[in-house]
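Visitor: First the structure, which I've put down as structure tokens, then a few questions once you've had a look.
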Amino acid sequence: MATVQMNSRIDEGLKERYERVLSEHGWQHSQVMRQLCEYVADEGDLPALRTTSQRDEQARVRARRLKALSNFSGCVKRELAKAGLMTSSQALLPDMTDAELKEWRRDSLGEDYLADLQRRRLAAGE
């Protein structure tokens, strides 16, 4: 089977972010492009890709959810402070970017935090 080389130009920062994600999943650019070409050829259509307006709407929904979560976490924090389980100056969750928060959720810190919270509740007699 004869092969051809395909080239494209993209922003350098986008390329670095793209390659980082591929690397995390054990993929290479050529594998992704081959899969995309096969999908388009076999299906006669493009895969479901998000448009700019869809990304904008997703960002608006996310902002609303984060605001609601922030309001809720404020209530939780006040109740934990009233119960003596934390001080009002402590952060309920660390101040993190989305990527950092995703990583934090994946590692044992999240489990350690919940275990520590459970120990505090037991110590407080709950």
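Numbered according to full-length UniProt numbering, the sequence shown spans residues 1 to 126. Here a beta-carbon is modelled for each residue, glycine too, at the ideal position from N, C-alpha and C.
Please classify Leu-80 as buried or exposed, where buried requires at least 16 other C-beta atoms within 10 Å of its C-beta.
Guide: Buried, because 16 or more other Cβ atoms sit within 10 Å of the Cβ of Leu-80.
Visitor: Go to Asn-71, then tell me how far its alpha helix (DSSP H) extends in each direction, as first and last residue.
Guide: Residues 52-82.
Visitor: For the alpha helix (DSSP H) containing Gln-35, list its first residue and its last residue.
Guide: Here the alpha helix (DSSP H) through Gln-35 covers 29-43.
Visitor: Does the distance from the CB of Leu-69 to the CB of Ala-124 come in under 7 Å?
Guide: For Leu-69 and Ala-124, no; Cβs fall outside 7 Å.
Visitor: Measure the alpha-carbon distance for Lys-15 versus Trp-27 and round it to whole angstroms.
Guide: Their backbone Cα atoms lie some 14 Å apart in a straight line.
Visitor: Please report the distance separating the alpha-carbon of Glu-24 from that of Ala-63.
Guide: Distance between the alpha carbons of Glu-24 and Ala-63: 27 Å.
Visitor: Comparing C-alpha positions only, which one of Met-6, Arg-121, Lys-82, Lys-67 sits nearest to Leu-36?
Guide: Ranking the options by Cα distance to Leu-36, first place goes to Met-6.
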